[in-house]
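Heads up, the thing below is written out as C-alpha cells.
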Amino acid sequence: MDSELKEEIPVHEEFILCGGVETQVLKCGPWTDLFNDQSVKRPKLLIFIIPGNPGFSAFYVPFAKALYSLTNRRFPVWTISHAGHALAPKDKKILTTSEDSNAQEIKDIYGLNGQIEHKLAFLRTHVPKDMKLVLIGHSIGSYFTLQMLKRVPELLVLRAFLLFPTIERMSESPNGRIATPLLCWFRYVLYVTGYLLLKPCPEKIKSLLIRRCLQLMNLENEFSPLNVLEPFCLANAAYLGGQEMMEVVKRDDETIKEHLCKLTFYYGTIDPWCPKEYYEDIKKDFPEGDIRLCEKNIPHAFIIHFNQEVANMIADSLKDDLSKM
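Residues in the sequence shown are numbered from 168 upward in steps of one, following our numbering.
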C-alpha cells in the first residue's frame, strides 16, 4: 500500500468512560458516532479489533488502516484498549454516555473476566444492536472474542478472526513457562521496579525513548503510546498476564463448536505462545473448521512488521461476505 494513501485515512482518537474506566478507542474512517448517525450512508457493519496483552490500541493503527483500505473504505475499523492499559493525557476530555454512567461497576475490571465484560460494555453502549460485527482478536484478544460469543450469542457477528490465538495451555507454551513465574510469583517485584524506574522519568524523556524504539522497529505511529512506560498501565498488563497463565488452560471446545461456521483461526509456525502443536490438535478436533497455519513465518507480534500481510488475509476472507452488504 502506498504510504501517502495511509496518511489520507482518517483516524479519530477518543477516550471514553467504559465500565467506569477511561478507555482509548481509535476509530478508523469518518464514522465516530454510530448511534446518532441516521444517514443513509451509515455503515451496516463494524470491524472491531481486540488487542493482545498489553492492550495498547495505538500499535494497531497501521493494521486498522490497512484493513480499512482493503475493504474499500466502506466500513469503520475500531480498536479498543484494554481497561487500565491507556491513560488519557491531562488535556484530553473523557467522553461519557448515560448508559455507562448508570452501569454497574465491573468486578475486577483489570483481570481476565473484567476485560471481557469491558468489551461487551463498550459494544452495548457505543454500537447499535442491529450493527453487524467482524471481530478480530489478537493473542489473548482471541480468548476474549470466544468468550464474548459465548456470553452474548445474540451479537450479530458475521465473522470472527482469531489471530495467533492464545486460547489454551498458556502456561505450558514455551513463552508461558518463562512468563508464569515472573507474572504469578514475582509480579510485585516487577511493580516496584517499574514504579521506581519509570515514575520519576519526565514525559519528554519517555516520549523520546518511545519514538526512538518505534524508529528502530520501523513502526510509524501518529498516536504516541506513552502508556508503554506508565507504571500503572504496565502493572495492569502484568496483572492480566498472571491471570492468563493461571486461567487460560483448557480450550473451550463447546463454544468453538457452536460458532465454528463464523470462526477463522490463524496460527503461526514460529509462535512461542501457541506453538504448532496447538494448531495440529485443534485441526484434528475440528477438521471442518477454517483453521489455518501461516506459511510466511509471521511472528506472534505481527503488528510490528506484518500488518499488510495479515490485513490481506482477512480482507480476502471477507470478500464474499462484504460484497453482499
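A virtual CB, placed ideally from N, CA and C, is assigned to each residue, including glycine. What you are looking at is a predicted structure, and each value in this text was computed from that prediction instead of being measured.
Quiz item: Does DSSP put I276 in a helix, a strand or coil?
Solution: Reduced to three states, the DSSP call for I276 is coil.
Self-check item: Under 8 Å between C-beta atoms of A253 and F223
Solution: Yes, the pair counts as a contact, with Cβ atoms nearer than the cut-off.
Practice problem: Identify which residue in K208, A468, T238 has its Cα closest to the Cα of P439. | Solution: Here the closest residue by C-alpha is A468.
Practice problem: Would you mind sorting L460 into buried or exposed? The rule is 16 or more other CB atoms within 10 Å of its CB. | Solution: Its Cβ having fewer than 16 others within 10 Å, L460 is exposed.
Exercise. Check the C-beta distance from I423 over to I303 and give it rounded, since I have them as a contact under 8 Å.
Key: Wrong, their Cβ atoms sit about 17 Å apart, outside the cutoff.
Self-check item: Touch test, the region 289-301 against the region 183-203, Cβ-Cβ under 8 Å, three pairs minimum
Solution: In short, these stretches touch, since the Cβ pair count reaches three.
Quiz prompt | Closest by C-alpha distance to A327, when choosing among G343, Y433, E397 | solution = Of all alpha-carbon atoms in G343, Y433, E397, the one lying nearest the alpha-carbon of A327 is that of Y433.
Quiz prompt | Close beta carbons around D204, own chain, < 8 Å, minus the five adjacent residues each side | solution = Cβ within range, chain order: W198.
Exercise. Spatial neighbours of K260 within its chain, please: CB distance less than 8 Å, with the 5 preceding and 5 following residues excluded, ordered by chain position.
Key: Within the same chain, K260 has close Cβ partners F182.
Self-check item: Own chain partners of A478 with C-beta closer than 7 Å, once the 5 adjacent residues on each side are dropped
Solution: Answer for A478: F230, A233, L234, L237, listed in chain order.
Quiz item: Are Y277 and N474 close, meaning C-beta to C-beta below 8 Å?
Solution: The criterion of a C-beta distance shorter than 8 Å is not satisfied by Y277 and N474.
Quiz item: Per DSSP, which one or two residues make a beta bridge with W198?
Solution: Bridge partners of W198: none, in fact.
Self-check item: CA-to-CA distance, L401 to L350, given in whole angstroms
Solution: In a straight line, the C-alpha of L350 is about 12 Å away from that of L401.
Quiz item: Taking the Cβ atom as the reference point for each residue, do V228 and G196 lie within a distance shorter than 8 Å?
Solution: No, the pair does not count as a contact, with Cβ atoms beyond the cut-off.
Exercise. Have a look at Q314 and T431 and give me their C-alpha separation to the nearest angstrom.
Key: Those two C-alpha atoms are separated by around 15 Å.
Quiz item: Would you say I458 and Y445 are within 8 Å of each other, going by their C-beta atoms?
Solution: When the beta-carbon positions are compared, I458 and Y445 stay at least 8 Å from each other.
Self-check item: Backbone CA spacing between L322 and K299 [nearest angstrom]
Solution: Rounded to the nearest angstrom, the two C-alpha atoms are 8 Å apart.
Self-check item: M168 (DSSP reduced to helix, strand or coil)
Solution: Annotation note: pLDDT 46 at M168 (below 50); position unreliable, no value reported.
Self-check item: Span separating the alpha-carbon of F215 from that of E180
Solution: Rounded to whole angstroms, the separation of the alpha carbons of E180 and F215 is 15 Å.
Quiz item: Thinking C-beta only, is S340 closer than 8 Å to C441?
Solution: Remark: C-beta atoms of C441 and S340 approach each other more closely than 8 Å.
Quiz item: Given that a residue counts as buried once 16 or more other Cβ atoms are within 10 Å of its Cβ, and exposed if not, what is P454?
Solution: By the neighbour-count rule (16 or more Cβ atoms within 10 Å), P454 is not buried but exposed.
Quiz item: Apart from the five residues just before and just after L201, which ones in its own chain have a Cβ nearer than 8 Å to its Cβ?
Solution: Excluding residues within five positions, the ones whose Cβ falls inside 8 Å are R209, P210, L213, P243, H293, V294, P295, M298.
Exercise. Could you tell me which of P348, G408, G186 sits nearest to G219, measuring between CA atoms?
Key: When the alpha-carbon of G219 is set against those of P348, G408, G186, the nearest one is in G408.
Self-check item: Residue environment, I437, which counts as buried when at least 16 other CB atoms sit within 10 Å
Solution: The residue in question, I437, is exposed, as its Cβ has fewer than 16 Cβ neighbours within 10 Å.
Self-check item: Reduced DSSP secondary structure (H/G/I, E/B, other) of T347
Solution: Three-state result, T347: helix.
Quiz item: Taking the beta strand (DSSP E) that V228 falls in, what are its first and last residues?
Solution: Element bounds for V228: not the beta strand (DSSP E) but the alpha helix (DSSP H), 228-237.
Exercise. For I247, I'd like the list of residues in its chain whose CB is within less than 7 Å of its CB, leaving aside the five on either flank, ordered along the chain.
Key: Taken in chain order, the residues that qualify are T190, V192, I217, S224, K286, F289.
Quiz item: Which residues in the same chain have their Cβ closer than 6 Å to the Cβ of E335, if we skip the five residues on either side of it in sequence?
Solution: For E335, where only same-chain residues beyond five positions count, the Cβ hits under 6 Å are R418.
Quiz prompt | Backbone CA spacing between R140 and K257 [nearest angstrom] | solution = Only positions 168 to 492 of the chain appear in this structure, which leaves residue 140 out of reach.
Quiz prompt | 6 Å CB neighbourhood of A255 in its chain, flanking five on each side removed | solution = For A255, where only same-chain residues beyond five positions count, the Cβ hits under 6 Å are F182, E189, I261.
Quiz item: Which residues mark the beginning and the end of the alpha helix (DSSP H) in which E318 is found?
Solution: First, the amino acid is wrong: residue 318 is Arg here, not Glu. For R318, the enclosing alpha helix (DSSP H) begins and ends at 307-318.
Quiz item: Where DSSP assigns a beta bridge to L407, which residues make up the other side?
Solution: Answer is none; L407 lacks a bridge partner.
Quiz item: To the nearest angstrom, how far is it from the Cα of P177 to the Cα of L184?
Solution: CA-to-CA, the gap between P177 and L184 works out to about 23 Å.
Self-check item: L279 versus L329, N342, T263, V415, residue with shortest Cα-Cα distance
Solution: The shortest C-alpha separation from L279 is found at V415.
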